[in-house]
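**Student:**
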Amino acid sequence: MAGDYLFAAAFQLLAVVPPEILPVITGAIQELCNGEIMEITRPETSEAGYLQRVGKKTAALLVAALEGGGRLGGLSPEALQQVRDFGKHLGIAFQIVDDLLDLVGETDALGKPCWQDLRQGIITLPVLHFLRVSAVAPSWRDKLRAGGLSPSEVSVLLSLLEESGSMAYTAGVARQHLELARQALEHLPALPPREEMYRITEEIMVPLDSLRPLH
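Quick note on my numbering: the sequence shown kicks off at 8 and runs consecutively.
1) For F14 and G154, I'd like the C-alpha separation in whole angstroms.
2) If you reduce the DSSP assignment to three classes, tell me which class L108 lands in.
3) At what residues does the alpha helix (DSSP H) containing M45 begin and finish?
4) What is the rounded straight-line gap between the Cα of R152 and the Cα of G128?
5) Would the segment 50-59 count as touching the segment 26-34 if we require 3 or more Cβ pairs under 8 Å?
6) Let me confirm a value: Y57 is counted as buried when at least 16 other C-beta atoms fall within 10 Å, else exposed. Which label applies?
7) Give me, in chain order, the residues of the same chain whose beta-carbon lies closer than 8 Å to that of Q102; leave out the 5 immediate sequence neighbours on both sides.
8) Alpha carbon to alpha carbon, what distance is there between L138 and K150?
9) Closest to V180 by C-alpha separation, out of D11, E74, T131, would be which residue?
10) Could you compute how far the alpha carbon of G81 sits from the alpha carbon of D92?
See the structure below:
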């Protein structure tokens, strides 16, 4: 019943959406669903696969929100592309930071339990890097895909992620995407919305700057 109500509410909202915005919204929903399917049916074995999934989930929603606002605001096609690029790279960076915080954050600060990806067998970028570079990775591969690691196993793994440079590598990738997001903003008019978007990139950077070694 609750699901039926939400469907009806969604259709009611879409009914008043300007025609040029509707494809943006429906396209984002399709991308989101594709990303969820990828997460379930195609566990990542490469960084490219991980980034593709993230692009279809978190990033797609941000791109849609930004593009919708840009279209309603009358942005040129060139500016709309810059807005889409900003949303894509911001969304990817946000998800990478969220994946890092799932490993090293605190439950009270995050507002949700930590280690959820490890418990569910979801392979995120720090773990992908560890599996690629660490000599002890083969003994962890099956455990990580199965999920359900014990607290003691998580503790050992976190130390291994730090020692292998996987945490630092992942933070570096997030910073790269934040820089690409900022570069996209340089081509937009110097108006208050652009400054606000730049500020968002700085806020996402804060957790990266506060990451501390685990040992």
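A virtual CB, placed ideally from N, CA and C, is assigned to each residue, including glycine.
**Tutor:** By the coordinates alone:
1) 33 Å
2) helix
3) 29-48
4) 5 Å
5) no
6) buried
7) V61, K64, T65, A66
8) 12 Å
9) T131
10) 17 Å
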